[in-house]
Structure formats: C-alpha cells, structure tokens
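Working notes, structure below.
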Amino acid sequence: MNIKTHIQKVAQAARSWLQPNNAELKEAIDRTVKEGLFSFEDIKFQIRTLKQQIDHGQVEEWADRANINEQNNAIGQKVLCLHAGNLPLVGFQDALGTILSGADYYGKLSTKDPYLLESFLISVQKSGIDSVVQYSTELYSFETLEADKVLFAGSEQSVEPVKQSLKELKVVNNKTEYVIRTAKFSLAYISSDDAETITDLVEAIFRYGGQGCRSVAVVVSPIGLNELKCHFQDYIESFWLKNPQHRKPEPALEYQFAYNKAIGRNQAWMNHFLLQESEDFPELDFTLNWVKGDEEKLKELRFKFGSAVQAVYTSGERIDGLKTEFLSQAQTPPLWWEPDGIPVI
C-alpha cells in the first residue's frame, strides 16, 4: 500500500460522500429522520460542519499532524471501533481516523445511528483502498477477530461488561490495546453577557439536546442565573424555533424542579430543559447547572469533577492552570480533536 495514495483516496471518498447527489447519504438521512433517531436539524448541522472541514482539507491536514507516512502508519493492524450513538455521526471521527491511518477497520455500528455512518463507509469502500472496511450492528459479526486495538466511548460502568463480551467472543486477545473514553460533559466560563457569547453558549448547551461529551452541562460565571435569566431565555427560545429539541426529559426532571422549589433554589424551567443554580455533579440529562463564581471556582469544579469533564470553554480568556478551548467551537471541533486528551490516530 502506498500510504500517500491511500490518504488521497480516503480524502476524496469523504468529499464524494458529502456531495448533494449522493443517493446513499440522502437515503440514510431520510431513514434516520423517519425512524425518529435524530432530528433533521441536528443531522443537517453535523453534515454541514463536516463538509466545511473536509472541503478545507482537514482530512489531509490530520494525516500531516499525525505524521502518517511510509514508516509511520497502522497498515496491517486490525482496529475495532465500538461506535456510540448518542449524536448523529458521533462515530465518524473514530472511523475516519482508523481508516486514514492505514489500519483494517472493523466497525460495530450503534443501532441508534446505523445509517449515517454506513453511508460514509460505503463511499470509502467504493474508493478502492487496499485496507479492510467491514462493519455491522452486531458484535458477534466480529467473533474470533482478535483485534490489535479497540476504540470505545461510553460510561465507566459499561467498560467491564463490554470487555467481558469482547473476550467471550474472542474479538480480543491478551495483547489487544484498549483506547477507552469516558468523559461525560464539558464546562464553560463566561464573564460577559454580550450577544456573541450568549449565542455561542446556547449552541454549546442545547445542540443535540445536550447529549454529547462536548456539550456544556455546567457554567461558571460572575453573573448569577437570576441576573441573566430573562435575557438568556430569549436566546434559548430563538434557538429552539430553528432547532426543536428532539428528545424529551424523563419525569425525574420534574421531580428535580419540585425539589428546587421546595428548598428555594434559583432555577428556570424551559419545558424540556432545567436551568438551576447548583455546584453538584450534573447527573440528570437536560439539566444545566449554573454556578456564580470566578476563575478559582472554575478550577475547583474542574478538578472536583475530574475525568468526567471533556473540555473547558471560554470566550477567549486564558485561565492559568487550565487547558481551555474556544466556546464557539464546542460543537464544531476540528477532525483531529482528542477525546479525553487521547489522539484517535
């Protein structure tokens, strides 16, 4: 395999996949929406983001950044990707990175997002690359694979059961390398309530219903929730008019609202989302915890929540002792971003 030619073929396959005349992608979008897996608005957002990145050469740039060349590649390695399904195309980065590296790709697709990623893999198969591209929604399809590496994203509680299933089916062996990501949510620090900051914050919180590990679940700000509440709610309602929330919360959220009311906690009920002043770990979906505090409070919470935190966002402020990212890129990270600080390639 000529790795340079391989990279060019993969990049072209990604571009071809996102062309408006791609029948497989159109059908995948239609089936995903029809079966109620994700909203059309969220799918459109994700695909538009990927198209912009791929058209700007991010596939080739990722290969350069990872220093993939004839001497440094994963040709001949069997890599199994256990793809999550909490967001549309959430598994795309693992699939692309694995294939780009030259490895043989084996993908366990999520039944929550089986069509969109498959449409990309079909495009790759048509590209004529030499490496294996095999996928299924059933784990037993990879029985006796004995993978060299497994990529997995999920909760800490699911790690051991997943490993046990892999061992029972001999999908792995004693030499298999595991790359496991378990971060759950992200933090944001805002010191201003200007229009651009609040617009970026709303996108970071409410895109995909807050279901991603890059989604903001805790905000730290010198501005209190009560000071911003009405202003903030206007931006949220405006976002929802264009991007209706797909999933609805469980009854537990109503119980939390009643509990907050009973103890006199500042909060705002947004029909399908609860905003509350709290320094607690964000256990419930569709909840935003707002903490009135300074940069020291942000640092305290970052270290308190530990490995559950994926990223810390600011509007550009540098915070000593913390690695931060731009709030505006919370839901649009580059292809080479590192989940849990671990490179995909």
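Sequential numbering of the sequence shown, starting at 762, is according to the numbering used here.
Glycine included, each C-beta is placed from N, C-alpha and C at the ideal position.
CA nearest to the CA of residue i, picked from the options
i	options	result
V981	R1063, D1046, T905 and N1004	R1063
V893	A856, E899, L912 and P922	A856
S976	A949, Q1017, W1001 and D1081	A949
D961	V933, V1052, E1086 and E1011	E1086
N935	A944, K945 and D909	D909
A774	K839, E1061 and L878	L878
L841	R792, F967, A914 and D825	A914
S1089	E964, K805, E899 and N783	E964
V885	K839, N833 and I768	I768
I951	P1094, K873, V820 and I984	I984
E904	V911, S897 and L930	L930
G837	N987, Q854, N847 and A864	A864
Q814	H1033, Y1016, K1022 and P1095	P1095
K1003	A978, L986, G971 and F967	F967
S953	S947, F993, Q918 and G970	F993
K787	T898, F881 and N1021	F881
T810	P1104, I1103, N1032 and T1093	T1093
Three-state secondary structure (DSSP) of residue i
i	result
V933	coil
S952	coil
T1048	strand
A1072	strand
E1099	coil
E1061	helix
E1086	strand
F1042	coil
K928	helix
K713	Since the displayed the chain opens at 762 and closes at 1106, residue 713 lies outside it and no answer follows.
Delimiting residues of the alpha helix (DSSP H) encompassing residue i
i	result
T1135	No statement about residue 1135 is possible, as the shown extent of the chain runs from 762 to 1106 and does not include it.
I804	F801 to D816
T793	A784 to K795
T1093	That residue, T1093, is in no alpha helix (DSSP H); it is neither H nor E in DSSP.
A775	I764 to W778
A824	Q819 to R826
Distance, residue j Cα to residue i Cα
i	j	result
K812	L779	6 Å
P1100	K795	30 Å
D955	Q1006	24 Å
I997	E802	16 Å
P1043	R1026	15 Å
H817	W823	12 Å
D1081	L1059	11 Å
E938	S926	16 Å
A922	K1009	According to the sequence provided, residue 922 is Pro. The question's Ala does not apply to it. Approximately 28 Å, taken between the alpha carbons.
Y866	S999	41 Å
N1050	S1039	5 Å
V1065	C991	The identity of residue 1065 in the sequence shown is Lys, whereas the question assumes Val. Roughly 30 Å between the two C-alpha positions.
L932	L900	Reading off the sequence shown, one finds Val at residue 932, where the question assumed Leu. Straight-line Cα distance between these residues: approximately 9 Å.
K928	G858	25 Å
I764	K770	10 Å
N782	R776	12 Å
V851	A944	14 Å
N834	E907	20 Å
Q854	W1098	9 Å
L1083	A784	45 Å
G971	Q895	31 Å
For residue i, the first and last residue of its enclosing beta strand (DSSP E)
i	result
R1079	No beta strand (DSSP E) holds R1079; DSSP gives it neither H nor E.
E938	E938 to R942
Residue i Cβ short of 6 Å to the ligand MN heavy atom set
i	result
Q1017	With respect to small molecules bound, the structure shown includes none, and the ligand MN cannot be examined in it.
Cβ of residue i within 7 Å of any chain D Cβ
i	result
S1068	In the structure shown, chain D cannot be found, because there is only a single protein chain.
Contained alpha helix (DSSP H) runs [length at least 4] in the segment 1006 to 1040, N- to C-terminal order: 1013 to 1024
Every unbroken alpha helix (DSSP H) inside the segment 957 to 1011 [4 residues or more]: 986 to 1003
Every unbroken beta strand (DSSP E) inside the segment 836 to 924 [3 residues or more]: 839 to 843, 865 to 869, 894 to 897 and 910 to 914
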